[in-house]
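Asks: First the structure, then my questions, so here it is.
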Amino acid sequence: MRSAPDVAVLVLAAGNASRMGYAKQLLSFNGRSFIRNAVNTAQLVAGDNCFVVVGAYHEAIENDLKATSCKIIVHKDWARGMGSSLKAGLKAIQAQHPAVDGAIILVADQPFVNKDLLLQLLDEQLTSGKKIVACQYQETCGTPVLFMRPYFEQLLALADEAGAKKLLKQNAHDVAFVDFPQGAIDIDTEEDYKKLQRI
């Protein structure tokens, strides 16, 4: 029986939330900030191998995460795009945990990501043998997504402004999926947040 892969979790939280105008990563949900919830969930699966890329609001986010043992990467060039933040985080993972088998990529504004979902990604990887496992919702796919080590090189070759979704299309033969209907709920605007509070 194959053992579960040794993975890190990378939380992308570097953006400036331009449609809200303030740090949406620090909005409260279930008594904690979005970013704190994401990190707590990540650490339940990866322990100290939780990495957080911060940028626009790094001081406030770092302060919010002081009580955690996550590893924070301050990405000064965050404005170059999500691809640049992802690459900064992955380079940190490789430097600090060179033997890692894979990395789960999260974003801070999907409030319903939980431990069971991340474990489903790992279980699906073991069952299917696929080297990429993504969540699917509302006829699309995306984060959280697990990339095994063979795809690190492709991730590091992404354009700064690109996301990792293009790799799912380019490598469709090696992608498995986990259903995550609530993944469609992400918080980009004030109205999104008000809807979340009403749920």
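Numbering (full-length UniProt numbering), first residue to last: 1 to 199.
All residues carry an ideal CB built from backbone N, CA and C; glycine is no exception.
Roughly how many angstroms lie between the CA atoms of PRO111 and GLU124, to the nearest whole one?
Replies: If you take the alpha carbons of PRO111 and GLU124, they lie about 22 angstroms apart.
Asks: Which runs of the beta strand (DSSP E) at least 3 residues long sit entirely within the region 45-73? Give them in chain order.
Replies: List check, beta strand (DSSP E) in window: 50-54.
Asks: Given residue 212, which residues of its chain have a CB within under 7 angstroms of its CB, disregarding the five upstream and five downstream residues?
Replies: Since the first residue of the chain shown is 1 and the last is 199, residue 212 is not available in this structure.
Asks: Could you say which of VAL7, LYS66 and PHE29 lies nearest to VAL113 if we only look at CA atoms?
Replies: Selected option, being the one with the closest Cα: PHE29.
Asks: Would ILE199 and TYR193 qualify as a contact pair, given that the criterion is a beta-carbon distance under 8 angstroms?
Replies: No, these two residues do not count as a Cβ contact at 8 angstroms.
Asks: Assign LYS169 to buried or exposed, taking buried as 16 or more other Cβ atoms, counted over all protein chains shown, within 10 Å of its Cβ.
Replies: Result: exposed.
Asks: Does SER69 pass the burial test, meaning 16 or more other C-beta atoms within 10 Å, or should it be called exposed?
Replies: Label assigned to SER69: exposed.
Asks: Hey, VAL81 and ASP179 are a contact pair by Cβ (cut 8 angstroms); roughly how many whole angstroms apart?
Replies: Before going on, a small fix: residue 81 reads as Gly here, not Val. Actually they are not in contact, since the Cβ atoms of GLY81 and ASP179 sit about 29 angstroms apart, beyond 8 angstroms.
Asks: Would you report the Cα separation of GLU190 and ALA23, rounded to the nearest angstrom?
Replies: The alpha-carbon atoms of GLU190 and ALA23 are separated by roughly 12 angstroms.
Asks: If you reduce the DSSP assignment to three classes, tell me which class ARG32 lands in.
Replies: In the structure shown, ARG32 sits in a strand (DSSP, three-state: E or B).
Asks: Assuming residue 200 and VAL100 make a contact with CB atoms under 8 angstroms, what is their CB distance in whole Å?
Replies: With the chain covering 1 to 199 only, the question about residue 200 has no answer from this structure.
Asks: Restricting to runs no shorter than 3 residues, where is the beta strand (DSSP E) found entirely within the region 87-132?
Replies: Segments of the beta strand (DSSP E) lying fully in the region 87-132: 102-107.
Asks: DSSP three-state call for residue 201: helix, strand or coil?
Replies: Coverage of the chain is limited to positions 1 through 199, which leaves residue 201 absent and any answer about it impossible.
Asks: Residues bridged to MET148 by DSSP?
Replies: DSSP output for MET148 lists GLY102 as bridge partner(s).
Asks: If distances are taken between C-alpha atoms only, which option among ALA184, GLY129 and LYS66 comes closest to ARG149?
Replies: Comparing Cα-Cα distances from ARG149 to each of ALA184, GLY129 and LYS66, the minimum goes to GLY129.
Asks: Nearest by alpha-carbon distance to GLY102: which of PRO181, ALA184, TYR151 and GLY83 is it?
Replies: Nearest C-alpha to GLY102: TYR151.
Asks: Would the beta-carbon of GLY89 fall within 8 angstroms of that of ALA162?
Replies: In this structure, ALA162 does not lie closer than 8 angstroms to GLY89 by Cβ.
Asks: MET1 to ILE72, Cα distance in whole Å?
Replies: With a pLDDT of 43 at MET1, under the threshold of 50, the modelled position of that residue is not reliable, and no figure is offered here.
Asks: For ASP192, report the span of its beta strand (DSSP E) as first-last.
Replies: Unbroken run through ASP192 is the alpha helix (DSSP H), 190-198; no beta strand (DSSP E).
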